[in-house]
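Asks: As numbered in the numbering used here, residues 3 to 156 make up the sequence shown, in order.
First the structure, then my questions, so here it is.
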Amino acid sequence: MRLAVVAIGKPGRGPEATLADDYARRATLAGRALGLGPLELIDLEPRRSGKAPEAELILQAAEGAHLIACDERGRTYASRAFADHIAALRDRGERRVVFAIGGADGLDDSVRAAAASTLAFGPQTWPHALARAMLAEQLYRAVTILSGSPYHRD
3 MRLAVVAIGK PGRGPEATLA DDYARRATLA GRALGLGPLE LIDLEPRRSG
53 KAPEAELILQ AAEGAHLIAC DERGRTYASR AFADHIAALR DRGERRVVFA
103 IGGADGLDDS VRAAAASTLA FGPQTWPHAL ARAMLAEQLY RAVTILSGSP
153 YHRD
């Protein structure tokens, strides 16, 4: 099952971008044996500002995929439960899962309506570049949990 993080905006060349790229690479390598990956990081730059043009790009990038909207009102998961959710999606035959991170104003209602589920990082507001890195890390952690690597919370 292919994985993608679709985010509005460019992360730049800062440490957050380096961190996200590193976790995406690690998740891709570790996930192969489990039927997970690659983990793609897809950055979208709308030509017009606003949630509606952003939504068009997100929905286009997620076409045919199981869409999970990253939203502050979404569901929170412990890491093991998140790993189990990813495994369940894979095991039921999903071919591609896309996680959507909106722009500065969040996701348009049309993206939340199209999403099969939502994911929250908690009630705090996180910079988009950091949310992208945190999500890539959690996907890498999910892959390592599913591969049977020791998990310090068990």
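Glycine included, C-beta positions come from ideal geometry on N, C-alpha and C.
State yes or no: is the C-beta of R50 nearer than 7 Å to some heavy atom of the ligand NAD?
Replies: Judged by which ligands are present, the structure shown has none, so any question about the ligand NAD falls away.
Asks: Residue ranges of each alpha helix (DSSP H) run of no fewer than 4 residues wholly in the region 58-128, ordered along the chain?
Replies: Here the runs fully enclosed are 81-93 and 111-116.
Asks: May I ask which residues mark the beginning and end of the beta strand (DSSP E) holding L41?
Replies: Taken as a continuous stretch (DSSP letters only), the beta strand (DSSP E) holding L41 covers L41 to L46.
Asks: Count the other CB atoms, across all protein chains shown, that sit within 10 Å of the CB of D107; report buried if there are 16 or more and exposed otherwise.
Replies: Burial call: exposed.
Asks: Can you give the Cα-Cα distance for L69 and T20, rounded to whole angstroms?
Replies: Answer to the nearest angstrom: the Cα atoms are 25 Å apart.
Asks: Any idea what DSSP makes of R230, helix, strand or coil?
Replies: The displayed coordinates of the chain run from 3 to 156. Any statement about residue 230 would go beyond what the structure contains.
Asks: Determine, using beta-carbon pairs with one atom in the region 71-83 and one in the region 115-125, whether at least three such pairs fall under 8 Å.
Replies: Segments in contact, yes.
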